[in-house]
Every structure is written in C-alpha cells, then in structure tokens.
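Colleague: With the first letter of the sequence shown counted as 1, position 82 gets the number 82 in full-length UniProt numbering; the numbers rise by one all the way through.
For glycine and all other residues, C-beta sits at the position ideal for the given N, C-alpha and C.
Since the structure is predicted, the reported quantities are computational estimates derived from the model, not experimental observations.
First, the structure itself, so that you have it in front of you.
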Amino acid sequence: MNKHITVLPGDGIGPEVTAEAQKLLEEVAVQFGHTFEFTAAHIGGAAIDAEGTPLPEQTVARCKASDAVLLGAVGAPKYDRGPASGRPEAGLLGLRKALDVFANLRPITVFPPLAAASPLKDEVLTNVDFVIVRELTGGLYFGTPRERIQTDHGLEVVDTLRYSEQEIERILRLGYQIAQQRGKRLTSVDKANVLESSRVWRETAERLHAEYPDVELNHLLVDNAAMQIVKDPGQFDVIVTENLFGDILSDEGAMITGSIGMLPSASLGAGGPGLYEPVHGSAPDIAGKGIANPLASFLSAAMMLRHSFGMFAEADAVEQAVQQVLADGLRTADIAGPGDTPLSTAEMGEAVRTRLRATV
Ligand code: NAI
Ligand code: MG
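Shown next, in the form of structure tokens:
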C-alpha cells in the first residue's frame with residue numbers, strides 16, 4: 001500500500017521522538033512491502049518561530065491532504081507569557097478542530113516489566129490492557145449557552161452539556177467497532193441516574209447493540225467506573241464515554257501505568273486523516289539531550305497502522321517489538337531501574353527496529 005504521512009515534530013522532545021518513529025515506520029514499509037511518503041510541517045512553538053503562528057494554513061492543508069498525521073508535542077517555557085491564542089498549545093487545539101476528530105483513543109497498557117512504576121499493587125495490574133474511547137468535540141466543553149449572569153441575588157454561571165443523538169451514535173459505533181477488533185467487551189460509562197444526556201446515551205448504546213451482537217455490552221456509572229479503574233483495571237476491554245468523563249478517566253488510566261513516556265493516543269474523525277501523538281508533552285527539562293523515551297511515539301505509530309491504514313499485522317509487529325525490548329531489559333532513563341544502563345533515544349529506536357526485523 002502507498003500512504004502519505006504528515007509529520008509535525010513540534011517542540012522540545014517532539015522532534016527527537018518523531019524522528020525515531022518515522023525511521024520505525026520506514027522499517028515497517030520495507031519489511032511489509034509498503035511505500036510511506038513523509039512530509040514535515042510546522043506546528044506549535046516551532047511554527048511560531050518559523051512562520052509567526054502556531055498553526056500555519058499550509059500545515060492544515062498538508063494534514064488534510066494526507067492519510068494520517070504523526071505529531072510530536074507542542075509547548076515551550078519561552079511562550080508561556082504570551083496570549084493564549086498565540087501559544088503553541090493553540091496550534092494543537094486548532095488542528096484537532098480543523099481535522100474534525102471527534103474520538104480520542106487512549107490505550108491503557110501495563111507492560112509487565114514496568115509494573116513496578118505503577119502506584120498500584122502487582123496483583124491489581126495483571127492483564128491491564130484496555131482502551132478508553134472519549135468523545136472529543138461535544139458535551140460540556142463545547143455546549144452553549146456558557147455564561148456568567150448577574151442576578152439580584154448575585155452571580156450565576158451556566159455551562160451546557162449538549163449532545164445531538166447523531167454525535168452520541170457515531171462515538172458509540174466507534175466503541176463497538178474497536179471492541180470487535182479487540183476482546184469484544186464494551187463498557188459504556190455514563191451518569192444515567194442523574195443526567196438526561198446520559199439516559200439518551202444509554203438508550204442509544206442499547207439500540208445499537210443489535211447491530212453488534214458479537215460485542216458484550218455493559219453500563220457503568222462514571223463514579224463507579226472511577227473506582228473500578230483503580231480497584232480492578234484488568235476487567236476492561238473498551239470503555240466508551242462522553243467528553244468530560246473521558247477526560248478525567250483517561251488521565252486516571254494513564255496514572256495507573258506509571259510511565260508517561262509509554263502512552264500513545266489517536267484522535268479519529270469521520271473519514272479524514274487520523275491524528276496520532278504521544279500523551280506526554282514537550283518535556284522541556286530533558287529536551288535536546290537525546291534521552292527521551294520514544295516508545296509512546298512508536299506505539300502511536302502502531303495505532304496509525306491499525307486505525308488509519310488497516311495494517312493489523314504491521315501494528316502487532318511494532319507492539320511486539322516494543323514488548324520485546326522491554327522484556328530484554330532495555331530502558332531509557334525515565335523507565336530505568338537502579339541497575340540499568342539507560343539507552344539514548346536513538347539507541348532505543350535502533351533496538352526496536354532490530355526486534356521488528358527479527359519478528360517479521
Ligand atoms: P510533559 O509530559 O512534557 O513532562 C512531564 C514529565 O515527564 C517531565 O519530567 C518530562 O521530562 C517527563 N517525560 C515526558 N515525556 C517523556 C518521554 N517521552 N521520555 C522521558 N521523559 C518524559 O508535561 P509538562 O512538563 O506538564 O509540560 C511540558 C510542556 O508540554 C508544556 O508546554 C505543556 O503545555 C506541553 N504539553 C503538550 C502536550 C501535547 O503536545 N500534546 C501534552 C502535555 C503537555
Ligand atoms: Mg486531561
């Protein structure tokens with residue numbers, strides 16, 4: 001297959017980890033007989049420096065014309081004093097909007113060799129491997145009215161949790177489809193005992209279930225879900241939920257893994273290119289040292305292969321190569337134990353490519 005990938009390195013360690021992720025994708029192309037074309041473009045602080053804006057039109061146009069987008073990270077301390085609209089982070093929010101990505105996927109995996117980094121006990125961490133599918137463009141973060149009202153008895157404030165049935169349906173469908181590709185269990189998280197939007201969410205999940213009979217559906221109230229994620233995270237396969245609940249639960253899920261440098265994400269839209277990026281930021285404290293952990297970026301590339309290109313064997317091969325380097329005891333500084341000699345970003349990249357060649 002021939003695929004066009006736009007690479008947005010961004011700031012800090014972004015360029016360091018995406019350079020290695022691109023090399024890994026080039027190796028995948030060689031091993032599996034594909035052609036991947038890469039085009040780089042500016043975003044974030046790098047775009048401000050080069051073009052005076054965090055999201056140049058040219059960048060958006062290139063992303064839209066490609067099959068998928070691989071992003072590093074944005075943000076650097078030197079921009080922290082400016083207005084919000086001119087900050088590097090505005091570039092990322094603008095890009096998500098421009099690509100109309102309505103679903104955010106965050107896999108939560110505890111790699112057994114790294115379980116010691118988790119705040120949870122070992123016995124709670126067996127078989128932790130689930131995905132949170134979060135609705136990204138609706139709900140409380142976007143609903144109107146949103147205002148402050150001065151009344152006779154003081155200030156009142158309004159935020160609005162608004163969803164159309166169509167928005168609920170498309171995210172639930174994606175949840176079902178991802179469950180079909182994985183362990184066939186879908187947990188729909190809502191607050192149907194209180195919220196009308198959650199009642200429609202639950203009704204829609206039930207109605208659509210007829211179309212995905214191979215998937216086992218269950219419902220959890222969000223407060224219970226928050227407890228279950230720390231009590232027994234191994235029970236989940238796919239969690240699907242609305243924007244606010246997903247924001248909170250996905251950060252809770254990230255924390256149980258204990259390793260920010262290992263967590264990938266995907267943002268998917270309706271037919272357009274998907275956006276793939278590590279969960280971590282630009283890590284200014286270690287930028288430029290060549291010691292960043294590139295594995296989150298590699299696992300993001302694996303998600304691209306799976307979700308945008310339908311290359312399932314290729315995605316599995318990348319994930320297995322990452323598992324293998326960890327099983328072989330190779331570590332970057334952020335995940336190294338007292339006895340380990342940490343690898344550089346480039347050394348880790350080379351090690352994963354070597355494992356990939358061996359597994360294919
Ligand atoms: P951060 O994720 O950049 O760093 C948090 C800590 O984790 C730091 O100690 C860092 O060195 C470490 N770390 C993160 N990724 C690592 C990796 N791959 N390998 C080794 N160590 C790693 O979060 P922080 O410090 O809150 O934010 C720094 C900048 O990044 C800010 O400007 C923030 O706005 C931006 N940011 C951007 C995001 C994005 O582009 N999606 C997401 C989060 C933050
Ligand atoms: Mg969050």
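1. Can you name, in chain order, every residue of its own chain whose Cβ lies under 8 Å from the Cβ of S344, other than the five neighbours on each side?
2. To the nearest angstrom, report how far apart V128 and G183 are at their CA atoms.
3. Which term fits A192, buried or exposed, when burial requires 16 or more other beta carbons within 10 angstroms of its beta carbon?
4. Take F38 and list the residues in its own chain whose beta-carbon comes closer than 7 Å to its own, dropping the five residues that flank it on each side.
5. Could you have a look at R87 and say whether DSSP puts it in helix, strand or coil?
6. Do S282 and P88 have their CB atoms nearer than 9 Å?
7. DSSP state of F111, grouped into three classes?
8. Please list, in chain order, all residues of the same chain as P342 whose beta carbon is under 8 Å from its beta carbon, the five residues on each side excluded.
9. What do you get for residue 433, buried or exposed, if any count of 16 or more other CB atoms within 10 angstroms of its CB means buried?
10. So, is T126 buried or exposed, given that buried needs 16 or more other C-beta atoms within 10 angstroms?
11. With distance defined between alpha-carbon atoms, name the residue in Y276, G139, V222 nearest to L299.
12. Taking only three categories from DSSP, how would you classify P342?
13. Counting along the chain, where does the alpha helix (DSSP H) carrying F236 start and finish?
14. Which runs of the alpha helix (DSSP H) at least 4 residues long sit entirely within the region 267 to 313? Give them in chain order.
15. Report the three-state DSSP secondary structure of G44 (helix, strand or coil).
16. Assign H42 to one of two classes, buried (16 or more other C-beta atoms within 10 Å of its C-beta) or exposed (fewer than that).
17. With DSSP as the reference, identify every bridge partner of Q150, one or two as the case may be.
18. So, is T144 buried or exposed, given that buried needs 16 or more other C-beta atoms within 10 angstroms?
19. On a Cα-Cα basis, can you pick out the residue from L295, Q58, M303 that is closest to R353?
20. Between the region 194 to 206 and the region 93 to 103, do three or more beta carbon pairs fall short of 8 Å?
21. Taking 9 Å as the cut-off, decide whether the C-beta atoms of H219 and T187 are in contact.
22. Report the rounded CA-to-CA distance for G329 versus V230, giving the unit in angstroms.
23. Could you tell me how far apart the beta carbons of F130 and V240 are, in whole angstroms, since I believe they sit closer than 8 Å?
24. Flag V89 as yes when its Cβ comes closer than 8 Å to any non-hydrogen atom of the ligand NAI, and as no otherwise.
25. Tell me, to the nearest whole angstrom, how far the beta carbon of V36 is from that of L24; I am working on the premise that it is less than 8 Å.
26. Going by beta carbon distance, what residues of the same chain come within less than 8 Å of D232, once the five residues before and after it are set aside?
27. Let me make sure I understand the geometry here. Which of K64, T53, E57, D67 has the alpha-carbon closest to that of V74?
Modeller: Let me spell this out:
1. Numbered from 1 along the sequence shown, position 344 holds the residue referred to as residue 344. Hits under 8 Å: G290, I291, T332.
2. Taking the sequence shown and counting its residues from 1, the one referred to as residue 128 is at position 128. Taking the sequence shown and counting its residues from 1, the one referred to as residue 183 is at position 183. V128 and G183: Cα-Cα distance of roughly 12 Å.
3. As a working mapping, residue 192 is identified with position 192 in the sequence shown. Within 10 angstroms of the beta-carbon of A192 lie 16 or more other beta-carbons, which makes it buried.
4. By 1-based counting over the sequence shown, the position of residue 38 is 38. If we look at F38 and ignore the five residues flanking it on each side, its Cβ neighbours are I5, V7, Q22.
5. As a working note, residue 87 is residue 87 in the sequence shown. For R87, the three-state secondary structure derived from DSSP is coil.
6. Counting from one through the sequence shown, the residue named residue 282 turns up at place 282. Counting from one through the sequence shown, the residue named residue 88 turns up at place 88. With contacts defined as CB atoms closer than 9 Å, S282 and P88 qualify as a contacting pair.
7. In the sequence shown, the residue the question calls residue 111 occupies position 111. Coil at F111, not helix or strand.
8. Start at 1 with the first residue of the sequence shown, and residue 342 comes out as number 342. Taking P342 as the centre and dropping the five residues before and after it, the same chain places the C-beta of I291, R331, T332, A333, A336 closer than 8 Å to its C-beta, in chain order.
9. Any property of residue 433 remains undetermined from this structure, which presents the chain solely from 1 to 360.
10. The sequence position of residue 126 within the sequence shown is 126, counting from 1. Residue environment for T126: exposed (fewer than 16 other C-beta atoms within 10 angstroms of its C-beta).
11. As a first step, residue 299 is located in the sequence shown; it is residue number 299 there, counting from the start. Closest option to L299, Cα to Cα, is Y276.
12. As a first step, residue 342 is located in the sequence shown; it is residue number 342 there, counting from the start. Three-state DSSP puts P342 in coil, outside helix and strand.
13. As a first step, residue 236 is located in the sequence shown; it is residue number 236 there, counting from the start. Where F236 is concerned, there is no enclosing alpha helix (DSSP H), given that its DSSP letter is neither H nor E.
14. For the region 267 to 313, whole alpha helix (DSSP H) runs of length 4 or above, ordered along the chain, are 295 to 303.
15. Residue 44 sits at position 44 when you count from the first residue of the sequence shown. Coil at G44, not helix or strand.
16. Locating residue 42 in the sequence shown gives position 42, where the first residue counts as 1. H42 is buried by the Cβ-count criterion.
17. Within the sequence shown, residue 150 is the residue found at index 150, counting from 1. In DSSP, Q150 forms a bridge with L155.
18. Residue numbering aside, residue 144 sits at position 144 when the sequence shown is read from its first letter. Exposed, by the Cβ-count rule.
19. The residue you call residue 353 lines up with position 353 of the sequence shown. With distances taken between Cα atoms, R353 lies closest to L295.
20. Contact fails: fewer than three Cβ-Cβ distances are below 8 Å.
21. Walking along the sequence shown from the start, residue 219 turns up at place 219. Walking along the sequence shown from the start, residue 187 turns up at place 187. A contact, by the Cβ cut-off of 9 Å.
22. As a position in the sequence shown, residue 329 is number 329, starting the count at 1. As a position in the sequence shown, residue 230 is number 230, starting the count at 1. About 27 Å.
23. For the purposes of this step, residue 130 is taken as the residue at position 130 of the sequence shown. For the purposes of this step, residue 240 is taken as the residue at position 240 of the sequence shown. Contact doesn't hold; Cβ gap of about 11 Å is too wide.
24. Walking along the sequence shown from the start, residue 89 turns up at place 89. In the sequence as presented, Val is not what sits at residue 89; that position holds Glu. It does: the Cβ of E89 is within 8 Å (strictly closer) of some heavy atom of the ligand NAI.
25. For this step, residue 36 is matched to residue 36 along the sequence shown. For this step, residue 24 is matched to residue 24 along the sequence shown. A small correction: the amino acid at residue 36 is Phe; Val does not occupy that position in the sequence shown. Not quite, the Cβ-Cβ distance comes to about 11 Å (not below 8 Å), so this is no contact.
26. Locating residue 232 in the sequence shown gives position 232, where the first residue counts as 1. These residues qualify, in order along the chain: V124.
27. Walking along the sequence shown from the start, residue 74 turns up at place 74. Minimum Cα distance to V74 is reached at T53.
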